[in-house]
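Residue numbers (UniProt numbering): 1 to 201.
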């Protein structure tokens, strides 16, 4: 693994036999990071078929995905009709159909991340940011109205200029404070998402 790679939490893998010995049965790789496939019982996923080699292929978790590697089988392996090159890993996706040997067909099931939950989290963050901006704008409008009510008729140009200068400084400070708060909250949210994504407490 290259330096700096983020190791994602392993996603549950299930192999469903669609054509071959034990047709209709499923193999769940709950705790496994590496599933050896072949004709003999020494393999994690044995397939008793004469066209399947003793050591046919391997499915393993690499950094952020499951990959399939043909380890030198006699009758080959393909994914969705595409023949694998020996010892070259191919990324597996949910729903892929894998052929081992001449006619063994196995459907791959990989539990994907819940995209709807991620979208809801993003929407919630955006709503909070919009609400904060609206609150700052409302506060600025209230301050302007209060200052207008407090103004006395007949003030000099110097007094008016000083009053406007102070008002602008207050607005700038308020916006700066709001921006800093937003940045801190965004940073904390990103840290939280990274920890959840990387499986770090």
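Glycine included, C-beta positions come from ideal geometry on N, C-alpha and C.
Review point. Can you check whether the CB of residue 15 is closer than 8 angstroms to the CB of residue 108?
Key: The residue you call residue 108 lines up with position 108 of the chain shown. The residue you call residue 15 lines up with position 15 of the chain shown. Yes.
- Should residue 51 and residue 87 be called a contact, given that it needs their Cβ atoms to be closer than 8 angstroms? For this step, residue 51 is matched to residue 51 along the chain shown. For this step, residue 87 is matched to residue 87 along the chain shown. In this structure, residue 87 does not lie closer than 8 angstroms to residue 51 by Cβ.
Rounded C-alpha distance that separates residue 32 from residue 12:
If you number the chain shown from 1, residue 32 lands on position 32. If you number the chain shown from 1, residue 12 lands on position 12. Taking the straight line joining both Cα atoms gives about 9 angstroms.
Exercise. Measure from the alpha carbon of residue 65 to the alpha carbon of each residue in 34, 17 and 104, then state which is nearest.
Key: The count along the chain shown starts at 1 and reaches residue 65 at position 65. Nearest option by C-alpha distance: 34.
Cα-Cα separation between residue 187 and residue 97, rounded to whole angstroms: By one-based count along the chain shown, residue 187 stands at place 187. By one-based count along the chain shown, residue 97 stands at place 97. Computed Cα separation, rounded: 41 angstroms.
> From residue 181 to residue 158, what distance separates their C-alpha atoms?
Replying inline: One-based indexing of the chain shown puts residue 181 at position 181. One-based indexing of the chain shown puts residue 158 at position 158. Whole-angstrom Cα-Cα distance: 35 angstroms.
* Can you tell me the Cα-Cα spacing of residue 18 and residue 73, whole angstroms? -> Start at 1 with the first residue of the chain shown, and residue 18 comes out as number 18. Start at 1 with the first residue of the chain shown, and residue 73 comes out as number 73. Computed Cα separation, rounded: 20 angstroms.
Check your understanding: Is the CB-CB distance between residue 48 and residue 36 below 8 angstroms?
Key -> Within the chain shown, numbered from 1, the residue matching residue 48 stands at position 48. Within the chain shown, numbered from 1, the residue matching residue 36 stands at position 36. Going by C-beta atoms, residue 48 is not nearer than 8 angstroms to residue 36.
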